[in-house]
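All remarks here apply to the structure that follows.
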């Protein structure tokens with residue numbers, strides 16, 4: 104972008120993405136991220152795989168957010184240029200304020216996402232939306248959410264084998280356009296030099312122990328039976344019970360992310376490293392909510408089978424899944440829940456189930472997936488739609504509020520990132536948030552992961568416990584692979 108075009112856009116917009124494009128055939132997103140994160144305090148890498156085969160078009164990297172927003176219940180902490188302020192508020196309302204009054208220029212030659220708020224919403228934030236859901240247990244982690252406001256983004260275009268360096272420039276009434284344009288170009292030059300010239304080394308990763316053996320199955324069986332009693336009493340139709348596992352570790356978590364993206368490539372892959380050392384790594388198959396140009400989409404996923412050893416077995420497993428009454432009933436219930444969530448915030452008559460019970464295949468598993476869409480009402484902010492859908496029914500239950508009250512009582516332990524949401528909210532009101540499942544998070548030398556099982560009227564306790572063990576095993580396998588990931592790489 105040259106100065107003439109910048110000035111032309113500044114006449115109509117107050118946020119302009121200045122960009123530069125370089126060839127990316129010698130760089131991968133993971134290597135680029137490894138180089139760039141060393142230059143900042145907080146950073147992220149977002150990637151995606153579409154279906155079972157191909158990378159989505161773009162991967163995104165951000166470092167050094169202009170601002171960091173944290174909350175612990177109703178206490179918000181705002182960090183800006185190393186200055187910190189603390190006040191009482193609602194994180195959802197604060198997220199609204201941060202991107203309001205922005206008129207961003209959209210350029211067809213660069214990705215639609217050029218920056219914004221990137222981070223996570225912890226599960227316990229539901230109490231800010233539904234105060235009747237109370238958490239009486241002691242919360243051990245420092246905050247319930249963390250969002251960085253990123254105005255500089257590095258985007259990988261996998262189709263064109265290009266890197267697009269983007270820095271968003273805020274234009275104010277008294278701005279010196281020549282000066283702020285020049286500063287933006289210097290910023291891009293700095294990142295370009297890091298990508299093309301810097302070398303990087305990655306430390307190994309090592310688990311020091313694991314809590315896998317701490318799963319008290321007998322106690323879990325009791326919780327399943329208690330849940331079934333609540334179902335028989337008409338309190339709920341379904342509830343998702345979960346169990347947390349952990350391990351102490353040393354070394355570089357980027358190896359865990361590398362292992363996850365190899366073992367379990369998914370539509371949502373993310374590595375977030377926060378300024379205080381709290382890190383989130385995940386490969387989630389399921390979106391919570393996607394909003395683009397005020398069109399809201401949810402993709403309920405319920406029903407899973409492994410992939411077959413060959414095409415014939417694959418088709419047989421697909422047919423078996425689509426004819427399983429329990430899986431179909433659970434999926435239909437979650438589709439109805441998605442319709443209800445969108446119905447609260449979308450225009451009357453606009454909510455449609457545009458795809459129903461399609462099979463989506465990934466590298467190791469297949470799922471039943473549906474698509475529910477609607478057009479937001481004119482008086483609804485995208486964050487209001489996020490509140491309506493949060494958390495997903497697939498990780499809580501139905502009806503959601505009563506199920507979450509029982510989860511708080513039965514689990515009696517902070518979920519934090521598990522069953523929350525990870526993703527971005529851009530400067531134009533678009534957002535893409537996934538459900539934080541198949542996700543690990545690390546804090547103070549310890550890494551955590553959590554797995555859940557959906558309990559319904561005819562659930563068998565032993566089978567539900569096995570489901571949790573199997574889901575946990577996927578995460579544990581990634582951790583074990585991370586320990587040896589470079590042993591046979593030829594490095």
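Numbering (our numbering), first residue to last: 104 to 594.
From the three backbone atoms N, C-alpha and C, an ideal C-beta is built for every residue, glycine too.
Next item on the list: Closer than 6 Å by C-beta to residue 559: which residues in its own chain qualify, once you throw out the five before and the five after it? Chain order, please.
Entry: Hits under 6 Å: 341.
Check: Is the CB-CB distance between residue 311 and residue 545 below 8 Å?
Finding: no
Check: What do you get for residue 593, buried or exposed, if any count of 16 or more other CB atoms within 10 angstroms of its CB means buried?
Finding: Confidence at residue 593 is low in this model, with a pLDDT of 44, below 50, so the placement of that residue should be treated as unreliable; the coordinate-derived value is given next. The residue is exposed, with fewer than 16 neighbouring Cβ atoms inside 10 Å.
Margin query: Which of the three DSSP states is assigned to residue 579 in this structure?
Written below: helix
Next item on the list: Going by DSSP, name the residue or residues bridged to residue 475.
Entry: 401, 456
Checklist line | Expected contact under 8 Å - CB spacing of residue 498 and residue 223 to nearest Å | finding: Their Cβ separation, rounded to whole angstroms, is 14 Å, which puts residue 498 and residue 223 out of contact at 8 Å.
Note to self: Contact between the segment 468-475 and the segment 394-405 is defined here as three or more beta-carbon pairs at a separation below 8 Å; is this criterion met?
What the structure shows: yes
Checklist line | Residue range of the beta strand (DSSP E) that includes residue 372 | finding: 371-376
Notebook entry, point to check: Three-state secondary structure (DSSP) at residue 275?
Noted result: coil
Notebook entry, point to check: On the three-state DSSP scale, how would you describe residue 108?
Noted result: Collapsing the DSSP output to three states places residue 108 in a helix.
Notebook entry, point to check: Bridge partners of residue 147, per DSSP?
Noted result: Looking at the DSSP assignment, residue 147 forms a beta bridge with 165, 375.
Check: Do the segment 409-422 and the segment 549-565 touch if we need at least three Cβ pairs shorter than 8 Å?
Finding: no
Checklist line | Whole-Å CB distance - residue 450 paired with residue 408, under 8 Å assumed | finding: Their Cβ separation, rounded to whole angstroms, is 37 Å, which puts residue 450 and residue 408 out of contact at 8 Å.
Note to self: For residue 318 and residue 582, I'd like the C-alpha separation in whole angstroms.
What the structure shows: 18 Å
Next item on the list: State the Cα-Cα distance for the pair residue 387 and residue 466, rounded to the nearest angstrom.
Entry: Cα-Cα distance, rounded: 13 Å.
Note to self: So, under 8 Å CB-CB, residue 331 and residue 562 are touching, yes? Tell me the CB distance rounded to an integer number of Å.
What the structure shows: 7 Å
Check: In chain order, which continuous runs of the alpha helix (DSSP H) of length 4 or greater are located wholly inside the segment 159-239?
Finding: 194-202, 229-232
Check: Among 567, 510, 125, 376, which has the Cα closest to the Cα of residue 291?
Finding: 125
Next item on the list: Alpha carbon to alpha carbon, how far is residue 372 from residue 576? Give it in angstroms, no decimals.
Entry: 18 Å
Check: residue 262 and residue 218 look like a contact to me (Cβ under 8 Å); what is the Cβ gap, rounded to whole Å?
Finding: Their Cβ separation, rounded to whole angstroms, is 21 Å, which puts residue 262 and residue 218 out of contact at 8 Å.
Check: Quick one, which of 556, 580, 131, 208 has its alpha-carbon nearest residue 529's?
Finding: 208
Margin query: According to DSSP, is residue 246 part of a helix, a strand, or is it coil?
Written below: coil
Check: Once you ignore the five residues that flank residue 146 on each side, which residues in its own chain have a CB closer than 8 Å to its CB?
Finding: Same-chain partners within the cutoff: 136, 139, 140, 164, 165, 166, 167, 375, 376.
Next item on the list: State the Cα-Cα distance for the pair residue 443 and residue 478, rounded to the nearest angstrom.
Entry: Distance between the alpha carbons of residue 443 and residue 478: 14 Å.
Notebook entry, point to check: Should the segment 358-371 be regarded as contacting the segment 583-590, the criterion being three or more beta carbon pairs within less than 8 Å?
Noted result: These segments touch.
Notebook entry, point to check: Where DSSP assigns a beta bridge to residue 306, which residues make up the other side?
Noted result: According to DSSP, which records beta bridges pairwise, residue 306 is partnered with nothing at all.
Check: Which residues in the same chain as residue 378 place their Cβ atom closer than 6 Å to its Cβ, once the five residues preceding and following it in sequence are excluded?
Finding: 144, 145
Notebook entry, point to check: Using the C-alpha atoms, what's the distance from residue 238 back to residue 506?
Noted result: 13 Å
Next item on the list: Could I get the ranges of all uninterrupted beta strand (DSSP E) runs contained in the segment 311-394, with 3 residues as the minimum, in chain order?
Entry: 341-354, 371-376, 382-387
Note to self: Starting from residue 120, trace the beta strand (DSSP E) in both directions and tell me its first and last residue.
What the structure shows: 118-126 is the extent of the beta strand (DSSP E) around residue 120.
Notebook entry, point to check: Touching or not, the segment 510-517 and the segment 225-239, by the rule of three or more beta carbon pairs under 8 Å?
Noted result: yes
Next item on the list: Count the other C-beta atoms from every protein chain shown that fall within 10 angstroms of the C-beta of residue 337, then say buried if there are 16 or more, exposed otherwise.
Entry: With fewer than 16 other Cβ atoms within 10 Å, it is exposed.
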